[in-house]
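Working notes, structure below.
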Amino acid sequence: MKLNERSLAFYATCDSPADNAGFLYKRGERHTAYHRRWFVLKGNMLFYFEERESREPVGVIVLEGCTVELCDSAEEFTFAIRFGGAKSRTYVLAAESQAAMESWVKSLSRASFDYMRLVVRELEKQLEEMRWRPAGGCGGCRQLPGSWKSKPSGLERSPERPLALPTVLPKENGCAVWNNMPGADRPPDSSSCGGYDSEGNPQPPPLPPRRRALSSEAGGAGVAAAESTSIFCRLHEQYGQEVARLRQDWMEKRRGPRP
Numbered sequence: 110m111k112l113n114e115r116s117l118a119f120y121a122t123c124d125s126p127a128d129n130a131g132f133l134y135k136r137g138e139r140h141t142a143y144h145r146r147w148f149v150l151k152g153n154m155l156f157y158f159e160e161r162e163s164r165e166p167v168g169v170i171v172l173e174g175c176t177v178e179l180c181d182s183a184e185e186f187t188f189a190i191r192f193g194g195a196k197s198r199t200y201v202l203a204a205e206s207q208a209a210m211e212s213w214v215k216s217l218s219r220a221s222f223d224y225m226r227l228v229v230r231e232l233e234k235q236l237e238e239m240r241w242r243p244a245g246g247c248g249g250c251r252q253l254p255g256s257w258k259s260k261p262s263g264l265e266r267s268p269e270r271p272l273a274l275p276t277v278l279p280k281e282n283g284c285a286v287w288n289n290m291p292g293a294d295r296p297p298d299s300s301s302c303g304g305y306d307s308e309g310n311p312q313p314p315p316l317p318p319r320r321r322a323l324s325s326e327a328g329g330a331g332v333a334a335a336e337s338t339s340i341f342c343r344l345h346e347q348y349g350q351e352v353a354r355l356r357q358d359w360m361e362k363r364r365g366p367r368p
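See below:
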């Protein structure tokens with residue numbers, strides 16, 4: 110497809126959505142002065158205008174075979190579009206803020222068809238893995254169509270050896286936990302510790318009543334400490350008097366009766 114100046118101008122100013130748009134400062138090719146231009150990114154083409162209301166772009170940069178990188182300059186928030194050729198031009202641009210610079214660098218880095226080709230290849234790879242991945246299998250396992258054969262599991266019945274069914278329901282703390290074993294359609298046993306609901310499923314035993322907090326626990330730490338200290342003093346005095354009395358009786362008995 111051939112593109113001329115008229116078709117590029119129409120594409121730059123038509124109502125098609127732009128990938129990014131805003132004011133940037135562009136350094137001149139011959140002079141190092143920066144000029145404020147209105148930039149519009151559509152696909153892999155970066156158009157720039159003298160003003161936002163301009164009807165035709167001043168120039169266009171085709172973003173193929175280039176790299177977008179930050180550069181050191183006297184201006185703040187500066188980045189460059191570099192091409193691989195020896196005599197290729199390097200476009201130095203400056204944004205008005207850090208957020209605007211990051212947004213433009215991200216948009217310009219993803220505008221080329223090389224980047225889109227890599228994205229498409231990665232998506233095709235993920236789609237291929239999802240297509241040949243068995244249901245419920247691991248994420249890194251891949252199987253060919255010819256290898257999709259059902260493997261016998263240990264729970265399937267075999268004609269030679271029938272599956273032995275448990276005769277006792279599984280219990281936890283003496284009570285049946287779930288009513289999903291064979292023979293569960295039997296009438297519920299009223300002697301069970303937890304009881305049964307309307308559907309015949311066993312219910313867990315009731316929770317024990319919550320212990321009420323004592324009055325001493327409801328108080329603050331300082332009140333509790335004061336009460337414990339006073340109680341200890343009273344007990345110490347009471348038992349001390351009893352020990353002293355017993356010691357006195359023992360001493361009198363040891364001395365023997367008086368003549």
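Counting from 1 along the sequence shown, just add 109 to a position and that's the residue number in the working numbering.
Glycine included, each C-beta is placed from N, C-alpha and C at the ideal position.
If you draw a straight line from the alpha carbon of residue i to that of residue j, how long is it in whole angstroms?
{"i": "T199", "j": "E185", "result": "18 angstroms"}
{"i": "R136", "j": "R242", "result": "53 angstroms"}
{"i": "R219", "j": "V228", "result": "10 angstroms"}
{"i": "E211", "j": "T176", "result": "15 angstroms"}
{"i": "S206", "j": "R240", "result": "45 angstroms"}
{"i": "N153", "j": "V171", "result": "6 angstroms"}
{"i": "A195", "j": "A208", "result": "32 angstroms"}
{"i": "F158", "j": "P166", "result": "5 angstroms"}
{"i": "E346", "j": "M360", "result": "21 angstroms"}
{"i": "F132", "j": "R145", "result": "7 angstroms"}
{"i": "R191", "j": "H140", "result": "18 angstroms"}
{"i": "A189", "j": "K151", "result": "18 angstroms"}
{"i": "S216", "j": "Y134", "result": "17 angstroms"}
{"i": "C342", "j": "Q350", "result": "12 angstroms"}
{"i": "R354", "j": "G365", "result": "17 angstroms"}
{"i": "Q357", "j": "R363", "result": "10 angstroms"}
{"i": "E138", "j": "V149", "result": "20 angstroms"}
{"i": "S197", "j": "R230", "result": "29 angstroms"}
{"i": "P254", "j": "D124", "result": "Here the model assigns P254 a pLDDT of 47, short of 50, so the residue's position is not dependable and the matter cannot be decided."}
{"i": "E233", "j": "R226", "result": "11 angstroms"}
{"i": "R115", "j": "S182", "result": "36 angstroms"}
Since I believe residue j is in contact with residue i (beta carbons under 8 angstroms), could you give me their beta-carbon distance rounded to a whole number of angstroms?
{"i": "W147", "j": "R161", "result": "5 angstroms"}
{"i": "W213", "j": "N113", "result": "Not really, about 28 angstroms apart at Cβ, beyond 8 angstroms."}
If you count every other CB in all the chains shown that lies within 10 Å of the CB of residue i, and 16 or more means buried, which is it?
{"i": "V352", "result": "exposed"}
{"i": "P126", "result": "exposed"}
{"i": "L202", "result": "buried"}
{"i": "R266", "result": "Reliability of the predicted coordinates at R266 is poor, the pLDDT of 46 falling under 50, and the value obtained from them is presented with this limitation in mind. Label assigned to R266: exposed."}
{"i": "L344", "result": "exposed"}
{"i": "A204", "result": "buried"}
{"i": "P261", "result": "Below a pLDDT of 50, predicted positions are generally treated as unreliable, and P261, at 48, falls in that range; no measurement from the model is reported."}
{"i": "F119", "result": "exposed"}
{"i": "E238", "result": "exposed"}
If I measure Cβ to Cβ from residue i and keep anything under 8 angstroms in the same chain, skipping five residues before and after, which residues do I get?
{"i": "E173", "result": "N153, S221, F222 and D223"}
{"i": "V169", "result": "L117, A121, M154, L155, F156 and Y157"}
Might you give, ordered along the chain, the residues of its own chain that have their beta carbon closer than 6 angstroms to the beta carbon of residue i, omitting 5 neighbours on each side?
{"i": "P193", "result": "The displayed chain sequence assigns Gly, not Pro, to residue 193. The residues are G174."}
{"i": "L179", "result": "F188"}
{"i": "L236", "result": "none"}
{"i": "S339", "result": "none"}
Report all residues from its chain with a CB closer than 7 angstroms to the CB of residue i; omit the five preceding and five following residues, and keep chain order.
{"i": "Y143", "result": "Y134, K135, R136, E184 and A203"}
{"i": "P268", "result": "Because P268 sits at a pLDDT of 49, beneath the cut-off of 50, its placement in the model cannot be relied upon, and the point is left open."}
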